[in-house]
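Trainee: One structure, as structure tokens, below. Some questions next.
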Amino acid sequence: MSDDLKKLQAALRQATPDPDSDAKAAALAAAQESFDRIQGSEAQARPIPESPQNAGPFWKGPFAMFNKIRLRPALYLTSCLVVAGAVFVTYEPWNPQAPLERKDEVEKVGDLRLQTLETEEADAALELRDSETQSMAEVSQEPVIVVIPSPKKELGRIRLRSDEVPQENRSTAQIDGSGATDPGLTLGSQPQSGVLSGIVAQDQIAPDPYPKPGDQFEGEPENPLKITVEEPVSTFSIDVDTASYAYVRNSILEGRLPAADAVRIEEMVNYFPYNYAAPDISEAPFSTQLNFITTPWNPDTKLIHIGIQGAKPAIEDRPSLNLVFLIDTSGSMQDANKLPLLKQSFRLLLNELRPEDQVAIVTYAGSAGTVLEPTSASNRSEILASLNRLSAGGSTAGQAGLQQAYALAEQMGEDGDIGRVLLATDGDFNVGISDPEALKTFVEKKRETGTYLSVFGFGQGNYRDDMMQTLAQNGNGTAAYIDTLAEAQKVLVDQVSGALFPIANDVKIQVEFNPALIAEYRLIGYETRALNREDFNNDKVDAGEIGAGHAVTAIYEVTPVGSPAIKNDPLRYQTETVADTGTGELGFLKLRYKNPGEDTSKLVTQPIQEVVHVTPPAEAHFAAAIAGFGQILKGSNYTGDWTLEDAAKLAQSFKAEDKFGYRAEAIRLMKLAEGLE
Amino acid sequence: MRMETSDENLVLLAQSGDGEAFSALVSRHYDLIYRLGFRMLGNRTEAQDLAQDVCAGLAAKLKGFRGEARFTTWLYRVAINAAKDRLRKRTTRQKAQEGWGEVENLNRQTSAEQQAELDWLKQAMGTLSPDLRETVALVLGEELTHAKAAESLGISEGTVSWRMSEVKKQLRALAEQEERYP
């Protein structure tokens, strides 16, 4: 640069005054106001038949029905207001003067629903672009997808469909979609119901609880109470999945309690980020913290809270990623909350990738095909174009798709890279291997090659939770359920961008309880993750992975010796005297893990001591509240007369920082669920 | 969360009706808009007005942003076009290409040397046409590469390079003039 230009640059910078904070605040307020105005007017102008504004006829329904349904529109209305009336929030780094306390008020229902616009609306949307954008944006072929916050009705309609269509017609109806054969419309026109709204019809004719008729869950009974003397050792694999929480949330927001089998307590507890101490990486890639608190639902027992925090290596140091998106484009994926949401979600992820990362796309529907050969993540336009070209149709050849995806991932792999298949599906594998066992074997074999698998569930009505769990658990991966774009942000960006590179593989936990102090114990959740005692030391036995920055929480409810809460009477003929070793240890915690790429596990141990907490450990109490919430939903035998209201109060007292608002949302769900009981 | 969220994702969330994301996006980039405005207009109050106008219009404009370019690239263009609009309106009332004419001295403890520098800057920026000024604001002010600046301005990279050499020429001419008539 010439001296003249340098001089100009320096002078220009010197002369530019710092922005005035008042002026900035005023500008931000103006921006927010116009944003709210636009959101508001759009909600009114958009001609969606199912929207509450147009759902007028149901108010004229029979009086008996009126009482039953009035709660729901009210809920919708409030959630609508909350979303539309987005609050003016600024973030610390940019404007310290901003009214931070209002942040708490931002309660997002996370209630985004996708709506694909009709052609003329798409044209209208295009006209909105102003000149600069128009010339800048290449005119693309993609359909315009507008995501709008709207009350839940889309799901209502979908569910209605699967309720009403006889089994033999169901798949046809799903493939035909919202065309002329849409059974939702047929039902709506029935004179006796006299309503067009799926919401109302659902209340009238569908009293069955979640899951949707097509959704399949693998149910495991609650872990039973163990007698320490008889079985002092408890072994399980960690679980970093979160799918169950999102599914539970979705069903509660729709006004239904989830079925017991759909509730996996550990996944609910692990949904939340916890403020656990960061590990000292020189010792182990994760830190372990133990807390000992009184059980909220039983004053005579205690909870042992185990919190594991994975290290978060600097994001710049992470190895390159080779990602194969394996996308289910079968007919059942066409609903707005499936393929369109999926495309949006992967766009979010794409923004987080670096040029040295590679992306490939494989689809499966009828037959499997590679849609995008491995492409550098810097080539955004090509990747986006491939994503946008996807459309749903046909049946699901899941097995062929998986095979192709793994083959691609292996081909892309170089030393030090992390290969991962990201499977996005509604869980419907109806062609090829559709037996979870056979798929499990296949995925297990592929695990040996070092390729990881992440499973993302979309939509309801066709959701095969059992299949998703099987795949993720056996394929060295995680399973998450995505119902909104906000959830996609959490799962794919905030967390999966960490989880995409694992820091510890096959993490197993074994706890041996001291019978001198602990009479009985039970592990809360982790039913599907139980291991045999001898599996702990067997490195051939697979277990869960911890991704960068992941937190994993496990909770035992223990009954101290002498507590009135002991459920089992002493035996008459076998008197076992337990020698108190005098260590004061309640038990002994052992963790095994493998460093990524290694076959031999390492062992970390720590005695569990009775700790007297000066200040109550907030994270342990919050986790306990969520565990209690999950147990009540699951119909646990152990929570006594403890209620969801108690859970909500407990969670509220230990909400702590809650910077993402996830905890506030959970508390709201508890309150909503209470009304549904 | 928003700290770690990229602009592009905030845009997607904002487009989906997430007011929080929109708010984060605007507050993250207010300074940029203001800065560009000041460098185009050379007046603090006007830069503030401009920034407020741009912010208020952003919600509507964002609908048209399709993610083909980086968000900041797009935002540079929005802000610069708004600034040029202002300059154009002003020329109907006042003489052409003012703006940098009446820049006030904000720093009270300005040394004589700094004052001289500021005077020179006023004169220099005042001589530059809006096209050259926008190029200077991006290339010198924001340190964009010629390619990036070209993308923001919707012109070719060659044009940016040509404009920068034109700026150099004019600064040289200004210096010569000063030498002749000190």
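Line by line, the protein sequences give chains S and B.
Reading the first sequence from the start, the letters are residues 2 to 678 in our numbering.
Reading the second sequence from the start, the letters are residues 6 to 187 in our numbering.
C-beta: ideal position from N, C-alpha, C; glycine also.
What you are looking at is a predicted structure, and each value in this text was computed from that prediction instead of being measured.
(1) Could you tell me which residues DSSP pairs with Pro1/S in its beta bridges?
(2) With 16 other CB atoms within 10 Å as the buried threshold, where does Pro618/S fall?
(3) Opposite Gly308/S in the DSSP bridges: which residues?
(4) Straight-line CA distance for Phe59/S to Gly256/S?
(5) Give the secondary structure of Leu354/S by DSSP, where H, G and I count as helix, E and B as strand, and everything else as coil.
(6) If you compare alpha carbons, which of Gln15/S, Asp19/S, Ile384/S is closest to Ser116/B?
(7) Measure the alpha-carbon distance for Ala401/S versus Ala439/S and round it to whole angstroms.
(8) Just to confirm before moving on: does the CB-CB distance between Glu658/S and Gly308/S stay below 8 Å?
(9) Along the chain, which unbroken stretches of the beta strand (DSSP E) at least 3 residues long are found entirely within the region 504–532 of chain S?
(10) Please check the pair Leu324/S and Leu424/S, which I expect to be a contact at CB under 8 Å, by giving their CB distance rounded to whole angstroms.
(11) Am I right that Leu481/S and Ala247/S are in contact with their C-beta atoms under 8 Å? What's the rounded C-beta distance?
(12) Taking the C-alpha atoms as reference points, what is the distance between Asn352/S and Glu13/B?
(13) Which residues share a DSSP beta bridge with Pro341/S?
(14) Determine the closest residue to Gln490/S out of Ser387/S, Phe347/S, Arg381/S, Ile228/S, with distance taken between C-alpha atoms.
(15) Under the three-state reduction of DSSP, which class applies to Ala31/S: helix, strand or coil?
(16) Closest Cβ-Cβ distance between Arg355/S and chain B: below 8 Å?
(17) Taking DSSP's pairing of strands, which residues face Pro608/S in a bridge?
(18) So, does the CB of Asp36/B fall closer than 8 Å to a CB anywhere in chain S?
(19) Determine the direct distance from the alpha carbon of Ala84/B to that of Ser170/B, and round the result to whole angstroms.
(20) Is Ile294/S near Asn569/S, with beta carbons less than 8 Å apart?
(21) What separation, rounded to the nearest whole angstrom, lies between the Cα atoms of Val562/S and Gly585/S?
(22) Which one or two residues does DSSP pair with Ile483/S in a beta bridge?
(23) Quick check: Glu221/S and Thr529/S, are their CB atoms within less than 8 Å of each other?
(24) Give me the residue from Ala566/S, Arg573/S, Lys603/S, Ala649/S with the minimum Cα distance to Gly641/S.
(25) Anything in chain S within Cβ reach of Trp167/B, meaning under 7 Å, just list it in chain order.
(26) If you reduce the DSSP assignment to three classes, tell me which class Arg44/B lands in.
(27) Please list, in chain order, the residues of the region 15–27 of chain B that have any C-beta partner in chain S closer than 8 Å.
(28) Do you know how far the Cα of Ala178/B is from the Cα of Asp19/S?
(29) To the nearest angstrom, how far is it from the Cα of Phe630/S to the Cα of Lys672/S?
(30) From the DSSP output, which residues share a beta bridge with Val144/B?
(31) For the structure I just gave you, are there three or more beta carbon pairs, one from the region 298–308 of chain S and one from the region 328–343 of chain S, closer than 8 Å?
(32) Starting from the C-beta of Ala19/B, find all residues in its chain whose C-beta is less than 7 Å away, skip the five residues before and the five after it, and write them out in chain order.
(33) Starting from Ala121/B, trace the alpha helix (DSSP H) in both directions and tell me its first and last residue.
(34) With a cut-off of 8 Å on the beta carbons, I'd call Val141/B and Val172/B a contact; round off their distance for me.
(35) Under 7 Å, CB to CB, which of the residues in the region 18–42 of chain S have a partner in chain B?
(36) So Arg14/S is in the alpha helix (DSSP H); what residue range does that whole segment cover?
Mentor: So, to answer that:
(1) Since the first and last residues shown for chain S are 2 and 678, residue 1/S lies out of range.
(2) If you number the first sequence from 1, residue 618/S lands on position 617. So Pro618/S ends up on the buried side.
(3) Counting from one through the first sequence, the residue named residue 308/S turns up at place 307. According to DSSP, which records beta bridges pairwise, Gly308/S is partnered with Gln290/S, Thr554/S.
(4) As a first step, residue 59/S is located in the first sequence; it is residue number 58 there, counting from the start. As a first step, residue 256/S is located in the first sequence; it is residue number 255 there, counting from the start. Low per-residue confidence applies at Phe59/S: pLDDT is 37, beneath 50, and the placement is therefore not dependable, though the value from the model is reported in the following sentence. Those two C-alpha atoms are separated by around 17 Å.
(5) For this step, residue 354/S is matched to residue 353 along the first sequence. Residue state, collapsed to three classes: coil.
(6) Counting from 1 along the second sequence, the entry for residue 116/B is found at position 111. Among Gln15/S, Asp19/S, Ile384/S, the Cα nearest to that of Ser116/B is on Gln15/S.
(7) Here residue 401/S refers to the residue found at position 400 when the first sequence is read from its first residue. Here residue 439/S refers to the residue found at position 438 when the first sequence is read from its first residue. Near 13 Å, if we compare the C-alpha coordinates of Ala439/S and Ala401/S.
(8) The residue given as residue 658/S occupies position 657 in the first sequence. The residue given as residue 308/S occupies position 307 in the first sequence. No, these two residues do not count as a Cβ contact at 8 Å.
(9) 519–525
(10) Taking the first residue of the first sequence as 1, we reach residue 324/S at position 323. Taking the first residue of the first sequence as 1, we reach residue 424/S at position 423. Actually they are not in contact, since the Cβ atoms of Leu324/S and Leu424/S sit about 11 Å apart, beyond 8 Å.
(11) Start at 1 with the first residue of the first sequence, and residue 481/S comes out as number 480. Start at 1 with the first residue of the first sequence, and residue 247/S comes out as number 246. Reading off the sequence, residue 481/S comes out as Ala, not Leu. Between Ala247/S and Ala481/S the Cβ distance is about 7 Å, and since that is below 8 Å, they are a contact.
(12) Taking the first residue of the first sequence as 1, we reach residue 352/S at position 351. Taking the first residue of the second sequence as 1, we reach residue 13/B at position 8. Cα to Cα, the separation comes out at about 7 Å.
(13) Here residue 341/S is taken as the residue at index 340 of the first sequence, counted from 1. DSSP, once it has assigned bridges, lists no residue as partnering Pro341/S.
(14) As a working note, residue 490/S is residue 489 in the first sequence. For the residues Ser387/S, Phe347/S, Arg381/S, Ile228/S, the minimum Cα distance to Gln490/S belongs to Phe347/S.
(15) Stepping through the first sequence from its first residue, residue 31/S is reached at position 30. Of the three classes helix, strand and coil, the one that applies to Ala31/S here is helix, per DSSP.
(16) For the purposes of this step, residue 355/S is identified with residue 354 of the first sequence, where counting begins at 1. No, no contact with chain B.
(17) As a working note, residue 608/S is residue 607 in the first sequence. Beta-bridge pairing links Pro608/S to Phe589/S.
(18) On the second sequence, position 31 is the one that residue 36/B refers to. Output row for Asp36/B: interface = yes.
(19) Walking along the second sequence from the start, residue 170/B turns up at place 165. Walking along the second sequence from the start, residue 84/B turns up at place 79. Spanning the two alpha carbons is a distance of roughly 24 Å.
(20) Within the first sequence, residue 294/S is the residue found at index 293, counting from 1. Within the first sequence, residue 569/S is the residue found at index 568, counting from 1. In this structure, Asn569/S does not lie closer than 8 Å to Ile294/S by Cβ.
(21) Taking the first sequence and counting its residues from 1, one reaches residue 562/S at position 561. Taking the first sequence and counting its residues from 1, one reaches residue 585/S at position 584. Answer to the nearest angstrom: the Cα atoms are 13 Å apart.
(22) Counted from its first residue, the first sequence places residue 483/S at position 482. DSSP output for Ile483/S lists Phe459/S as bridge partner(s).
(23) For the purposes of this step, residue 221/S is taken as residue 220 along the first sequence, with counting starting at 1. For the purposes of this step, residue 529/S is taken as residue 528 along the first sequence, with counting starting at 1. Going by C-beta atoms, Glu221/S is nearer than 8 Å to Thr529/S.
(24) Indexing the first sequence from 1 puts residue 641/S at position 640. Considering only alpha carbons, the answer is Ala566/S.
(25) The residue labelled residue 167/B in the question sits at position 162 within the second sequence. Within 7 Å Cβ-Cβ: nothing; Trp167/B doesn't reach chain S, min ~14 Å.
(26) Counting from 1 along the second sequence, the entry for residue 44/B is found at position 39. Helix.
(27) Leu17, Leu18, Ala19, Gln20, Ser21, Gly22, Asp23, Gly24, Glu25, Phe27
(28) Here residue 19/S refers to the residue found at position 18 when the first sequence is read from its first residue. Here residue 178/B refers to the residue found at position 173 when the second sequence is read from its first residue. If you take the alpha carbons of Asp19/S and Ala178/B, they lie about 31 Å apart.
(29) Position 629 of the first sequence, counted from the first residue, corresponds to residue 630/S. Position 671 of the first sequence, counted from the first residue, corresponds to residue 672/S. Phe630/S and Lys672/S: Cα-Cα distance of roughly 10 Å.
(30) Translated into positions along the second sequence, residue 144/B becomes position 139. Its beta-bridge partners do not exist; DSSP assigns none.
(31) no
(32) Counted from its first residue, the second sequence places residue 19/B at position 14. Answer for Ala19/B: Ala26, Phe27, Leu30, Leu67, listed in chain order.
(33) Residue numbering aside, residue 121/B sits at position 116 when the second sequence is read from its first letter. Ala121/B -> alpha helix (DSSP H) spans 117–132.
(34) Here residue 141/B corresponds to residue number 136 of the second sequence, with the count starting at 1. Here residue 172/B corresponds to residue number 167 of the second sequence, with the count starting at 1. Val141/B to Val172/B, Cβ: 6 Å. Contact.
(35) Pro18, Pro20, Asp21, Ala24, Lys25, Ala27, Ala28, Leu29, Ala31, Ala32, Gln33, Ser35, Phe36, Asp37, Ile39, Gln40
(36) Translated into the one-based positions of the first sequence, residue 14/S becomes position 13. Element bounds for Arg14/S: 4–16.
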